[in-house]
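As structure tokens, the structure follows; a few thoughts come after it.
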Amino acid sequence: DTEVTQTPKHLVMGMTNKKSLKCEQHMGHRAMYWYKQKAKKPPELMFVYSYEKLSINESVPSRFSPECPNSSLLNLHLHALQPEDSALYLCASSQAGELAYEQYFGPGTRLTVT
Amino acid sequence: QQQVKQSPQSLIVQKGGISIINCAYENTAFDYFPWYQQFPGKGPALLIAIRPDVSEKKEGRFTISFNKSAKQFSLHIMDSQPGDSATYFCAARVRNRDDKIIFGKGTRLHILP
């Protein structure tokens with residue numbers, strides 16, 4: 001199974017809402033990632049978890065809060081977002097270490113902030 | 001500077017032709033160079049990757065050429081097919097930061113039937 005699943009596929013939320021994005025993989029990967037992708041732009045790294053510990057936070061605003069409950073799951077908690085946060089949020093996973101450049105991406109969650 | 005410069009921004013190729021996408025980098029902080037392919041509505045998918053000590057790597061119709069001295073690398077798609085129409089991103093992995101890759105800005109490829 002080389003699939004990364006993400007839920008929900010689409011999400012519309014107001015600026016005062018709290019919501020969560022979920023990501024799951026069963027490839028035994030120990031590195032998991034959150035990316036943000038705007039239209040016609042490359043994925044932009046937000047967070048990296050390695051062995052369930054946060055290893056990279058690319059200076060993301062605190063209204064985005066990641067969580068890695070176990071080696072297969074990754075969540076992104078959203079609170080008080082701004083309209084400019086509307087984007088495709090991609091989850092990815094990889095083996096940790098040398099082969100971490102081989103990342104497997106999910107289909108993404110299309111987020112619209114109103 | 002940790003950037004990967006990619007060109008062209010968009011490319012139109014006739015079916016059966018060769019599609020060529022170029023990337024360049026400035027410093028030597030990178031140790032792996034993967035290429036990702038993204039179809040509309042999908043996440044990126046790893047296509048092929050190369051290390052800087054290898055000058056060429058071929059997988060089917062896809063070939064990466066790497067020029068270490070020029071700090072340039074390119075993707076060649078032979079016998080391009082309409083199904084190859086997608087956005088292609090070159091990328092580079094930051095040495096000693098195993099889990100961080102830097103993406104180029106992408107090339108939107110359209111293969112005419």
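Residue numbers (the numbering used here), protein chains in the order written: chain G, 1 to 114; chain L, 1 to 113. The beta carbon of each residue, even a glycine, is placed where N, CA and C say it ideally should be.
Cutoff 9 Å: residue i Cβ touching any chain G Cβ
i                : result
LYS5 of chain L  : no
ALA29 of chain L : no
LEU46 of chain L : yes
PRO82 of chain L : no
PHE73 of chain L : no
PHE62 of chain L : no
PHE66 of chain L : no
CB contact below 9 Å: residue i versus chain L
i                 : result
PHE105 of chain G : yes
ALA87 of chain G  : no
LYS18 of chain G  : no
VAL48 of chain G  : yes
Residue from the options with nearest C-alpha to residue i
i                 : options                               : result
SER55 of chain G  : G:PRO42, G:ALA31 and G:LYS38          : G:ALA31
HIS77 of chain G  : G:SER71, G:ARG63, G:PRO107 and G:PRO8 : G:ARG63
THR109 of chain G : G:LYS18, G:ALA87, G:CYS68 and G:ALA96 : G:ALA87
MET27 of chain G  : G:GLU52, G:GLU84, G:VAL4 and G:MET13  : G:VAL4
PRO52 of chain L  : L:ASN22, L:ALA86 and L:ALA29          : L:ALA29
ILE102 of chain L : L:SER19, L:LYS68 and L:ASP31          : L:ASP31
GLU58 of chain G  : G:LEU11, G:ASN70, G:PRO8 and G:PRO43  : G:PRO43
LYS42 of chain L  : G:LEU81, G:GLN6 and G:MET15           : G:GLN6
GLY60 of chain L  : L:PHE33, L:LEU75, L:GLN2 and L:PHE66  : L:LEU75
ASN67 of chain L  : L:THR87, L:GLY17, L:GLY83 and L:PHE33 : L:PHE33
LYS53 of chain G  : G:LEU111, G:ALA96 and G:PRO8          : G:ALA96
ASN70 of chain G  : G:LEU81, G:HIS79, G:TYR49 and G:PRO83 : G:TYR49
LEU90 of chain G  : L:VAL94, L:PRO44, L:GLY16 and L:TYR36 : L:PRO44
Boundaries of the beta strand (DSSP E) in which residue i is found, first to last residue
i                 : result
VAL4 of chain L   : 4-7
MET32 of chain G  : 31-37
GLU67 of chain G  : 64-70
PRO107 of chain G : Note, PRO107 of chain G: premise wrong, no beta strand (DSSP E); not H, not E.
ALA49 of chain L  : 45-50
ASN57 of chain G  : 53-57
ALA24 of chain L  : 19-25
MET13 of chain G  : 10-13
GLU24 of chain G  : 18-25
Spatial distance of residue i from residue j (CA atoms)
i                 : j                 : result
PHE105 of chain G : ALA49 of chain L  : 16 Å
GLU24 of chain G  : LYS105 of chain L : 27 Å
LYS100 of chain L : GLN6 of chain L   : 18 Å
ASN96 of chain L  : PRO113 of chain L : 44 Å
LEU47 of chain L  : LEU99 of chain G  : 14 Å
LYS58 of chain L  : CYS68 of chain G  : 37 Å
ALA70 of chain L  : LYS19 of chain G  : 47 Å
GLN103 of chain G : ILE77 of chain L  : 21 Å
SER19 of chain L  : ALA92 of chain L  : 21 Å
SER80 of chain L  : ILE64 of chain L  : 15 Å
Hey, which unbroken runs of the beta strand (DSSP E) at 3 residues or more fall wholly within the region 64-107 of chain L?
Counting only runs of 3 or more, we get 72-77, 86-94 and 101-103.
Length at least 3, wholly inside the region 71-107 of chain G: the beta strand (DSSP E) runs in chain order
Complete beta strand (DSSP E) runs here, min 3: 73-79 and 87-94.
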